[in-house]
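Just below is one structure, and these are the notes that go with it.
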Amino acid sequence: MTVIPLGLGATRRSFLQGASVLGLFSHNVSAFAAAAKPGRAQAMNRVQPFDMSDITLAESPFLHAQRMTEAYLLRLSPDRMLHNFRRNAGLEPRAPVYGGWESEKTWEDINCHGHTLGHYLSACALAWRATGKAEYRNRIEYIASELAACQKASGSGLVCAFPKGAALVVAHLRGEKITGVPWYTLHKVYAGLRDAAQLADSDRARDVLMRLADWGVIATRDLSDEAFEAMLDTEHGGMNEIYADLFAMTGKAEYRTLALRFSHKAILRPLAERRDHLDGLHANTQVPKIVGFQRVHEVTGAPEYHRAAQFFWQTVTGPRAFATGGHGDNEHFFPIADGAAHVFSAKGSETCCQHNMLKLTRALFMAEPKADYADYYEGTLYNGILASQDPDSGMATYFQGARPGYMKLYHTPEDSFWCCTGTGMENHVKYRDSIYFHDADALWVNLFIPSAVRWRGMGAELAQETAFPEKAETLLRWKCARPFEATLNLRHPSWSRTARVLVNGAEVETSNEPGRFLAVRRTWRNGDTVALQLKMETTAQALPAADDIVAFKHGPLVLAGALDPVPQGSDIVVNERLYGAYNDAPVKVPHLAGEAQDLAKAIRSRAKPLEFELPAADGSAIRLLPYFRIAHQRYATYWKLA
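When we follow this note's numbering, the leftmost residue of the sequence shown carries the number 279, and every step to the right adds one.
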């Protein structure tokens, strides 16, 4: 995230200045009172996720990525992240503050000090839920107790790490001109405490969260609708989602009210009317709001919130999406027709946007379990999230641009702390949260990842053995003490022309209709096996509105041209604002000529799995690898055809 001008006439703090509010929805919530009760979200959603503690990962690139992030989490010092929180509460810090966004003058105006602690709490909660390792919960308990001490010392529920402390928040609430994004930053603290309470069962974190939540209610109570809406012109993360979660946790009506008030009507209204007004808007300012719209719908039943979330998803994952599932240039949406002018930017596909788009996709899937949602999730998981981590250091990217000759750039361990450092902490310890879903008597297999899930409601376990994506197949094996009847829903992905299902070696279904789930219902017995056989092909995908700019895909995987290696350590950087400068060195990039589909047919497999080559215009061979395997080398994902 940044507040310097980003090339589209807007900044994080000013992109909506002067925009008209397209009618204010009243924050009167009496119409929803009967419907909005704790637990309603679970009743409204068609399917539910499995508890992460009931899922295990087997060896795969995903488990490797998790281990790298686990190691990073344990290297970080809670006391260094708590430095400014203690100082603002009048307490002596226990350790020096971290650098980068957390303290250095270069980034002081964005006022993101403390956001890392919130992300860190979420990551530790996810890691504890996934692994059960006590060290993650111990860190959560320590941080929660320190924040409680800060609340006690300051006499306020507010905990913050801003250089000017609570004064920044007060000025923002008064409608004064500020620099920075205080609610965005506080949202990370709220979310970290929520995750610590819900995923790590921390009563200490819950107590701190409730005091912070009540502070928010009191702090905003006297704002008129107009003043509140004006405040929301500044990036505020997913504050509507947080207060919807708080209402679901407690049933307190004031939290529901604040969830509705934090829902930005200038964004909600056009989307609910199915109008795409996103051009020029800061992308990741919007995505968390939309995640919140869907959550508000879950706890209130208000249909316009779901319509807005659904239309936004269709728009951003369709004509606004790159082949990797990312979107945007310089953190902003641009006109679809201008794609050719933006696709080769060094600052495309902000990783935070992919993180939040997957949160939205997951929420929409639970409301309506469609294969379209699972297909997008899979593609972005491989080509955006898994691709964002340095497999050697565990550090993460900010942008993942498509400019030929680009190299991925990763944050430093202690001197960066970008927004994508924070979401990067979370991304790689929650892979197991969207592989499987269920309802009362059906189980959905969304992702082909080596893993196993315990289905407590059926007294059964389903293990998935697969070498995907090296092989386009997976084998599922039931383990149960007694027979049970249930439906197993297997995804026939949109990228596979055919799908074949075998139960205990006998074919039970063949599908020629990609993009749907294949339902296999029967009485399952211990040892039953289900094989799903798919077909991965290599295709060309043109950029929307630019047929001569293409990416190549093998099944769901974006293939990147693997170019020159980069010097060791040169891709670990501090300043995200210099992404383009780091990539300014001249690089010899091969050229392609011909029709896109002819070139796709000319791609040939090499000896190693998922390695390919493609003839360049000069007859030389371009080595192609899955983009998620690209690290420490120049690459190209989009090609302009001659």
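The C-beta atom is built at its ideal place from N, Cα and C for all residues, glycine as well.
Among the residues of its own chain, which have a CB less than 6 Å from the CB of residue i, if the five just before and after it don't count?
i, result
"A587", "I568, F571, Q572"
"T788", "R778"
"F590", "L549, I568"
"K755", "In the sequence as displayed, the identity of residue 755 is Arg instead of Lys. Once the five neighbours on either side are set aside, the close Cβ partners of R755 are A741, T807."
"A649", "R769, G793, R794, F795"
"D554", "T593"
"E454", "none"
"R415", "W406, A478"
Does the distance from the C-beta atom of residue i to that of residue j stay below 8 Å?
i, j, result
"L721", "A764", "yes"
"S712", "Y654", "no"
"L471", "L490", "yes"
"A343", "Q875", "no"
"M814", "R324", "no"
"G672", "M346", "yes"
"V707", "E348", "yes"
"L536", "G596", "no"
"T690", "V852", "yes"
"P887", "Y660", "no"
"N804", "K749", "no"
"F890", "L902", "yes"
"F677", "G737", "no"
"I663", "L636", "yes"
Could you work out which residue in the options is closest to residue i when comparing CA atoms only?
i, options, result
"K383", "F328, L664, P441", "P441"
"L451", "I496, M509, A674", "M509"
"R734", "A909, M322, F328, G662", "F328"
"G410", "T334, H393, L354", "T334"
"W773", "S355, E791, N562, R760", "E791"
"W696", "P747, N804, D825, S381", "S381"
"L892", "A863, K831, P864, N518", "K831"
"H361", "R324, Y376, R345", "Y376"
"P374", "M359, I388, E646, G368", "M359"
"D332", "R407, G368, T347", "R407"
"D616", "R372, F540, R598", "R598"
"G443", "L659, K466, A367", "A367"
"R640", "R882, T776, M517, N724", "N724"
"D849", "D511, Q911, V786", "Q911"
"P566", "I614, E532, R547, M517", "M517"
"L369", "P613, G378, S432, G702", "S432"
"E337", "A730, D500, Q846, S623", "A730"
"T528", "A475, T512, E513", "A475"
Distance check for residue j and residue i, CA to CA, integer angstroms please.
i, j, result
"F906", "A920", "27 Å"
"Q564", "H770", "31 Å"
"I900", "G839", "6 Å"
"A309", "L487", "Its pLDDT being 32, under 50, A309 is placed unreliably in this model, and the value from its coordinates should be taken loosely. So the alpha carbons of these two residues sit roughly 27 Å apart."
"R884", "A895", "19 Å"
"V798", "T817", "30 Å"
"I418", "I496", "27 Å"
"T498", "L766", "48 Å"
"A869", "H620", "The sequence shown places His at residue 869, rather than the Ala named in the question. Going from the Cα of H869 to the Cα of H620 covers about 19 Å."
"T752", "I727", "9 Å"
"T394", "N634", "16 Å"
"M685", "Y913", "6 Å"
"N782", "A809", "8 Å"
"Y462", "H397", "12 Å"
"A478", "S898", "54 Å"
"S694", "R760", "53 Å"
"S538", "S480", "Checking the displayed sequence, the identity of residue 538 turns out to be Leu instead of Ser. In a straight line, the C-alpha of L538 is about 27 Å away from that of S480."
"L638", "A652", "12 Å"
"E551", "R585", "8 Å"
Looking only at its chain, what residues have a beta carbon closer than 8 Å to the beta carbon of residue i, apart from the 5 residues adjacent to it on each side?
i, result
"L302", "The predicted model places L302 with a pLDDT of 30, which falls under 50 and marks its position as unreliable; any figure quoted below should be read in that light. For L302, where only same-chain residues beyond five positions count, the Cβ hits under 8 Å are D503, E504, E507, K543."
"Y420", "P356"
"T744", "F726, I727, P728, E751, T752, L753"
"E254", "No answer is possible for residue 254: it lies beyond the span of the chain, which begins at 279 and ends at 920."
"I827", "G617, A618, V621, A820, L821, Y916, W917, K918, L919"
"V786", "V779, L780, V798"
Who are the near neighbours of residue i in its chain, counting only those whose CB is closer than 7 Å to its CB and skipping five residues on each side?
i, result
"A829", "A601, Q819, V836, T915, Y916"
"L425", "F363, V437, V486"
"A561", "H605, G606, E609, H610, F611, E628, C631"
"N389", "F440, L446, T457, G458, V459, P460, T463"
"Q429", "G435, V437, V486, R489"
"A871", "A895, L919, A920"
"A880", "L892, P893"
"R882", "F890, E891"
Can you confirm whether residue i, when its beta carbon is compared against all beta carbons of chain B, has any partner nearer than 8 Å?
i, result
"A474", "Protein chains in the displayed structure number just one, and chain B is not present."
I want to check one thing, is the minimum distance from the CB of residue i to the heavy atoms of the ligand SAH below 7 Å?
i, result
"F830", "Among the components modelled here there is no ligand, and therefore nothing to report on the ligand SAH."
**Request:** Tell me, please, whether the region 677-689 touches the region 847-861 by the rule of three or more beta-carbon pairs shorter than 8 Å.
**Result:** Enough Cβ pairs lie closer than 8 Å, so yes.
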